[in-house]
Amino acid sequence: MARSVNRALPNLGKALAIAAGQTGAKVICAGRRKDRIQQTAEEVTKAGGVGTAVEMDVTDPKSVEKGVKQAEKSGPIEILINNAGIITGLKPVQELPIEEWDKIMATNVRGPYLLIRAILPGMLQRGFGRIVNISAPIKHLPKATAYCASKCALDSLSKAVSYEVKGTDVLVNAVEPPFLDTEMHKGGKKPEEVVPQILELAALETGSQSGRIVKLA
Ligand SMILES: NC(=O)c1ccc[n+]([C@@H]2O[C@H](COP(=O)([O-])OP(=O)(O)OC[C@H]3O[C@@H](n4cnc5c(N)ncnc54)[C@H](OP(=O)(O)O)[C@@H]3O)[C@@H](O)[C@H]2O)c1
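What the sequence shown shows, in numbering that gives the first Met the number 0, is residues 0 to 216, in sequence order.
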């Protein structure tokens with residue numbers, strides 16, 4: 000299901016990037032497919048922001064380190080949205096190949112960990128940061144064990160980090176979008192419909208709540 004065929008379908012990351020662009024933001028569009036991130040970055044710029052494409056595989060520490068360094072050339076990273084995620088076809092746990100489990104966990108949990116690890120120190124040093132982790136409402140769906148486990152782990156990561164940075168102006172929250180009509184799922188809400196709620200969390204006022212897992216309507 001992930002990285003599958005229809006390249007014309009939108010995704011949540013792209014919708015978030017363009018909407019952020021409309022506010023005039025500098026937006027780093029990170030991902031593995033150069034053509035896709037380049038196109039999104041151009042659309043961000045057309046929308047009134049400044050889009051920059053940065054090739055990155057979130058599962059790979061070297062790629063994350065290099066990508067973050069490249070991104071920081073545009074300025075300090077104030078907001079991190081951990082959106083990259085994959086799911087694979089439904090299958091009973093005993094038939095789930097170990098490589099598939101590892102790949103899902105690497106993308107959906109290790110990726111956000113690596114990015115937080117790379118970006119949080121700068122946020123703490125500057126005394127400001129907003130982190131939004133894109134989780135999912137699916138937490139216990141039979142035959143989707145790896146995806147469910149990965150999103151539960153992401154929620155835990157999100158809350159634990161928020162407690163670690165309590166008392167600072169770095170706020171860490173997670174969101175559970177409903178089914179979205181994207182390359183991943185096909186069918187459901189348009190990604191644009193949940194974008195305002197996610198961007199609200201990315202722009203929380205100082206003193207706002209942190210460590211929340213917010214169910215999106
Ligand atoms: N669609 C839904 O119904 C739904 C519902 C709830 C939550 N979510 C969550 O929302 C997020 C976005 O999902 P979506 O529906 O927009 O999925 P999507 O259309 O499949 O997009 C996934 C994005 O993740 C990127 N990605 C995947 N693996 C990556 C890697 N190793 N390194 C860097 N980027 C990687 C992909 O870019 P490249 O392939 O170019 O790298 C793509 O931009 C995911 O975390 C998903 O779990 C989705």
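Heads up, the beta-carbon is just placed ideally off N, CA and C, and yes, glycines get one too.
GLY66 in three-state terms, based on DSSP: By one-based count along the sequence shown, residue 66 stands at place 67. Of the three classes helix, strand and coil, the one that applies to GLY66 here is helix, per DSSP.
At least three beta-carbon pairs within less than 8 Å, the stretch 121-133 to the stretch 76-90: yes
Cβ neighbours of VAL49 in the same chain (closer than 6 Å, five flanking residues each side left out): For this step, residue 49 is matched to residue 50 along the sequence shown. Counting only Cβ-Cβ distances below 6 Å, and skipping sequence neighbours, we find LYS25.
Own chain partners of THR219 with C-beta closer than 8 Å, once the 5 adjacent residues on each side are dropped: In this structure the chain extends from 0 to 216, so residue 219 is not present and cannot be described.
Run of the alpha helix (DSSP H) containing GLY30, from where it starts to where it stops: Taking the sequence shown and counting its residues from 1, the one referred to as residue 30 is at position 31. Counting along the chain, GLY30 falls outside any alpha helix (DSSP H), though it belongs to the beta strand (DSSP E) covering 25-30.
Touch test, the stretch 58-78 against the stretch 176-184, Cβ-Cβ under 8 Å, three pairs minimum: no
Under the three-state DSSP convention, the category ASN82 falls into: Counting from one through the sequence shown, the residue named residue 82 turns up at place 83. Three-state result, ASN82: coil.
Own chain residues within Cβ distance below 6 Å of GLN196, not counting five before or after: Residue 196 sits at position 197 when you count from the first residue of the sequence shown. So the qualifying residues of the chain are LEU215.
Nearest-angstrom Cα separation, counted from HIS184 out to GLU99: The residue given as residue 99 occupies position 100 in the sequence shown. The residue given as residue 184 occupies position 185 in the sequence shown. One C-alpha to the other measures close to 18 Å.
Proximity winner among PRO91, ALA52 and GLU199, relative to SER73 (alpha-carbon distances): Translated into positions along the sequence shown, residue 73 becomes position 74. Considering only alpha carbons, the answer is ALA52.
As assigned by DSSP and simplified to three states, the class of ASN132: Indexing the sequence shown from 1 puts residue 132 at position 133. Three-state result, ASN132: strand.
C-beta contact flag for ALA18 and ARG129 at 8 Å: The count along the sequence shown starts at 1 and reaches residue 18 at position 19. The count along the sequence shown starts at 1 and reaches residue 129 at position 130. It is not a contact, given that the beta carbons lie outside the stated cut-off.
Heavy atoms of ligand 1 versus C-beta positions, residues under 6 Å: ALA1, ARG2, ASN10, LEU11, GLY12, GLY30, ARG31, ARG32, ARG35, MET55, ASP56, VAL57, THR58, ASN82, ALA83, GLY84, ILE85, THR106, ILE133, ALA135, PRO176, PHE178, LEU179, THR181, GLU182, MET183, HIS184 and GLY187
Own chain residues within Cβ distance below 6 Å of ARG2, not counting five before or after: The residue you call residue 2 lines up with position 3 of the sequence shown. For ARG2, the predicted structure reports a pLDDT of 37, less than 50, and the residue's modelled location is therefore unreliable. A value from the coordinates is still provided. Within the same chain, ARG2 has no close Cβ partners at all.
Proximity winner among PRO111, SER62, LEU119 and LYS138, relative to LEU156 (alpha-carbon distances): Position 157 of the sequence shown, counting from 1, holds the residue named residue 156. For the residues PRO111, SER62, LEU119 and LYS138, the minimum Cα distance to LEU156 belongs to PRO111.
Cutoff 8 Å: ALA83 Cβ touching any chain B Cβ: In summary, chain B is missing from the structure at hand, where a single protein chain is found.
Simplified DSSP state of VAL169, which is helix, strand or coil: Translated into positions along the sequence shown, residue 169 becomes position 170. Strand, per DSSP.
Reference ILE118, options ILE137, ALA143 and GLN69, closest by Cα: Residue numbering aside, residue 118 sits at position 119 when the sequence shown is read from its first letter. Here the closest residue by C-alpha is GLN69.
Residue ranges of each alpha helix (DSSP H) within the stretch 95-155, 4 or longer: 97-104 and 110-125
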